[in-house]
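Data first, discussion second: the structure below is written as structure tokens.
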Amino acid sequence: MNIVIASGKGGTGKTMVSVNLAWSISQSHNVHLIDCDAEEPNVHLFFPGERSEQPVTAEVPEVDSEKCTLCGACGEFCRFGAISVLTKSVMIQPHLCHSCGGCQLACPVDAITEVPRKIGMIRQSSPSPSLTVISGILDEGEIAAPEVIKTAKKAGEWDGISVWDGPPGTACPVIETMDGADVCILVTESTPSGLADLKRAASLAKTLGIPRGIVINRSDGEDGPTLAFCKEENIPVIMMIPFDREIAAIHNRGAILSAEKKEWKEKFIQLYEDAIAIAGGNA
Amino acid sequence: MKVCITSKGDLPESAAENRFGRTPFFVIYDDETGKVIETINNASVNDASGVGPKVVQMLVSKGVNVVITGQVGGNANQGLLTAGIPAYAFGEAETVAEAYAAYKAGTLTRIV
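Going down the list, the sequences are from chains A and B. Under our numbering, think of the first position of the first sequence as 1, with each following residue one higher. Under our numbering, think of the first position of the second sequence as 284, with each following residue one higher.
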């Protein structure tokens, strides 16, 4: 059972929901919590302690100047300006490379090979015997978040329950995160931008064929337009988290709401059960 | 020698363009005759990324020896350095023709 948390808009509470959901599930099941927000991973802040790290690499081209005829085919092919054929040499700017391998295919004399280059890392810890936390961390200034996300998901792949904390937005990193999910929990807030971005994320999940449920966070009781959208799209609202100073204070000091408040542990277990129901019933 | 100037239009009277990679046009002078020999519509102007190196590669294929522009970004800078093409800032010059005249007069500042 893979549960992905998304939102469209940043700052709606994806990590808060992911952390509390995974922690609450871990009280009775084994669970893997994967931080797929590789550009700004924050899940680990809630689980300090020992962790292991391993590098993530991406394949980038290397040119054999003995074989290269400076024909220009690789540079013509590259959409990203990562490989350019200049007066007397081929210039590679690895930070622009998307690791598509196209330059290697375009080269008529097999002068290009692919070599690994570090773009990020995977950090893994076990805060409790039933909870494994894996974070995908993209190096600053790098672009290939999907590669790091894919590697983090692969590291946590298993037959049990996984919670994938997604990045904001609706572009490549989110699509990579959503890929393979059984159910998508969309976390929103009742603001115009929260709703506008929710619509985009909901549309993306629908396009990918992932069943959806919605969590309204920081609800001030004036959720009319969001509820109307959910009704119109036939997406169930499976949790309401009120706009509450105490909840914010607990979260802001890096504590886990469910661990401090028994009623929230129960609510997040219910959220898990509702997510299973939306996914089709089997955990 | 071919001297390439970034331009908002395809004429010597056109305003010089401050951006290098995303300039709409390139106007190329033959330094021997002082005449415009080619204008190029920049095909990379709306590309998402990596525009600088792509433009440098295109200019290399056109045999350009000198670039005159407003500013050059980091990726393009690396490309021009590797290709051995010097770049000059057109400074106070307003049109392409004025930029070329200032280059000939030796008053432009070299930026790459």
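Even glycine gets a Cβ: it sits at the ideal position worked out from N, Cα and C. None of these values were measured; they are calculated from a predicted model.
Please report the Cβ distance between residue i and residue j, rounded to the nearest whole angstrom; I am assuming they are in contact, meaning their Cβ atoms lie under 8 angstroms.
i, j, result
"S35 (chain A)", "D165 (chain A)", "Here residue 35 (chain A) is Asp; the residue named in the question, Ser, does not match the sequence. With 8 angstroms as the limit, D35 (chain A) and D165 (chain A) qualify as a contact, their Cβ atoms being about 5 angstroms apart."
"A145 (chain A)", "A38 (chain A)", "5 angstroms"
"V85 (chain A)", "L70 (chain A)", "6 angstroms"
"I210 (chain A)", "V183 (chain A)", "7 angstroms"
"L204 (chain A)", "V174 (chain A)", "7 angstroms"
"F303 (chain B)", "G335 (chain B)", "7 angstroms"
"I250 (chain A)", "E260 (chain A)", "6 angstroms"
"A181 (chain A)", "V17 (chain A)", "A181 (chain A) to V17 (chain A), Cβ: 14 angstroms. No contact."
"F308 (chain B)", "N324 (chain B)", "6 angstroms"
"I119 (chain A)", "V148 (chain A)", "7 angstroms"
"L257 (chain A)", "L21 (chain A)", "Contact doesn't hold; Cβ gap of about 11 angstroms is too wide."
"I241 (chain A)", "R218 (chain A)", "7 angstroms"
"L363 (chain B)", "V350 (chain B)", "7 angstroms"
"G75 (chain A)", "Q340 (chain B)", "5 angstroms"
"G49 (chain A)", "P127 (chain A)", "6 angstroms"
"K9 (chain A)", "S193 (chain A)", "6 angstroms"
Does the ligand GTP have even one heavy atom less than 7 angstroms from the beta-carbon of residue i?
i, result
"H32 (chain A)", "Of ligands this structure carries none, so the ligand GTP is not represented either."
Once DSSP output is grouped into helix, strand and coil, what is the label at residue i?
i, result
"Q54 (chain A)", "strand"
"N324 (chain B)", "strand"
"C100 (chain A)", "coil"
"S162 (chain A)", "strand"
"V379 (chain B)", "helix"
"D291 (chain A)", "Outside the modelled stretch of chain A, which goes from 1 to 283, sits residue 291 (chain A), for which no answer is possible."
"F80 (chain A)", "coil"
"I3 (chain A)", "strand"
"G213 (chain A)", "strand"
"F229 (chain A)", "helix"
"H29 (chain A)", "coil"
"P116 (chain A)", "strand"
"S193 (chain A)", "helix"
"M284 (chain B)", "coil"
"P146 (chain A)", "helix"
"R123 (chain A)", "strand"
"P236 (chain A)", "coil"
"L342 (chain B)", "helix"
"C184 (chain A)", "strand"
"E176 (chain A)", "helix"
"K289 (chain A)", "The requested residue 289 (chain A) is not part of the displayed model; chain A covers only 1 to 283."
"T306 (chain B)", "coil"
"R218 (chain A)", "strand"
"R393 (chain B)", "strand"
"L138 (chain A)", "strand"
"A331 (chain B)", "coil"
"A259 (chain A)", "helix"
If distances are taken between C-alpha atoms only, which option among the options comes closest to residue i?
i, options, result
"N30 (chain A)", "A:G209, A:D220, A:K231, A:G156", "A:G156"
"Q306 (chain B)", "B:E381, B:Y312, B:D293, B:K387", "One detail in the question is off: residue 306 (chain B) reads as Thr in this sequence, not Gln. Taking only the C-alpha atoms, the option nearest T306 (chain B) is B:D293."
"H32 (chain A)", "A:R245, A:V163, A:G169, A:L208", "A:V163"
"G102 (chain A)", "A:V60, A:I143, A:R117", "A:V60"
"A73 (chain A)", "A:K88, A:C107, A:S65, A:T87", "A:C107"
"I137 (chain A)", "A:I235, A:N42, A:I278", "A:N42"
"T12 (chain A)", "A:P167, A:E232, A:A277, A:T177", "A:P167"
"H98 (chain A)", "A:D110, A:V109, A:D64, A:E114", "A:E114"
"V355 (chain B)", "B:N301, B:M341, B:M284, B:T378", "B:N301"
"E40 (chain A)", "A:I83, A:T207, A:M121", "A:M121"
"R117 (chain A)", "A:P192, A:L105, A:Q93", "A:Q93"
"S290 (chain B)", "B:L391, B:T392, B:G389, B:E377", "B:E377"
"I235 (chain A)", "A:A248, A:L198, A:P192", "A:L198"
"S28 (chain A)", "A:R245, A:V19, A:G81, A:L131", "A:L131"
"G374 (chain B)", "B:T352, B:T365, B:A366, B:N358", "B:T352"
"G346 (chain B)", "B:G357, B:G367, B:A299", "B:G367"
"D110 (chain A)", "A:K150, A:G221, A:I185, A:C68", "A:C68"
"A331 (chain B)", "A:E266, A:V133, A:R79, A:K150", "A:R79"
"D313 (chain B)", "B:P295, B:A298, B:A326, B:M284", "B:M284"
Applying the 10 Å Cβ sphere with the 16-neighbour rule, what's the burial state of residue i?
i, result
"K337 (chain B)", "buried"
"E189 (chain A)", "buried"
"E53 (chain A)", "exposed"
"M239 (chain A)", "buried"
"D223 (chain A)", "buried"
"K387 (chain B)", "exposed"
"W264 (chain A)", "buried"
"I320 (chain B)", "exposed"
"N2 (chain A)", "buried"
"S7 (chain A)", "buried"
"T177 (chain A)", "buried"
"C280 (chain A)", "The sequence shown places Gly at residue 280 (chain A), rather than the Cys named in the question. Exposed: under 16 other Cβ atoms inside 10 Å."
"G254 (chain A)", "exposed"
"G389 (chain B)", "exposed"
"T207 (chain A)", "exposed"
Report the neighbours of residue i on chain D: residues whose CB is nearer than 9 angstroms to its CB, in chain order.
i, result
"V339 (chain B)", "Looking at the structure shown, chain D is missing, and the protein chains on hand are A and B."
Worksheet item: Mind listing which residues of the stretch 85 to 100 of chain A have their C-beta closer than 7 angstroms to chain B's C-betas, in chain order?
Response: V85, L86, T87, S89, M91, Q93, L96
Item to complete: Output, in sequence order along the chain, the residues in the stretch 360 to 375 of chain B whose CB is closer than 7 angstroms to any CB in chain A.
Response: Q361, G362, T365, A366, G367
Discussion item. Give me the subset of the stretch 53 to 84 of chain A whose CB atoms are less than 9 angstroms from a CB atom of chain B, sorted by chain position.
Written reply: G72, G75, E76, C78, R79, F80, G81, A82, I83, S84
Worksheet item: When you check each C-beta in the stretch 347 to 360 of chain B against every C-beta of chain A, which residues fall closer than 7 angstroms?
Response: N358
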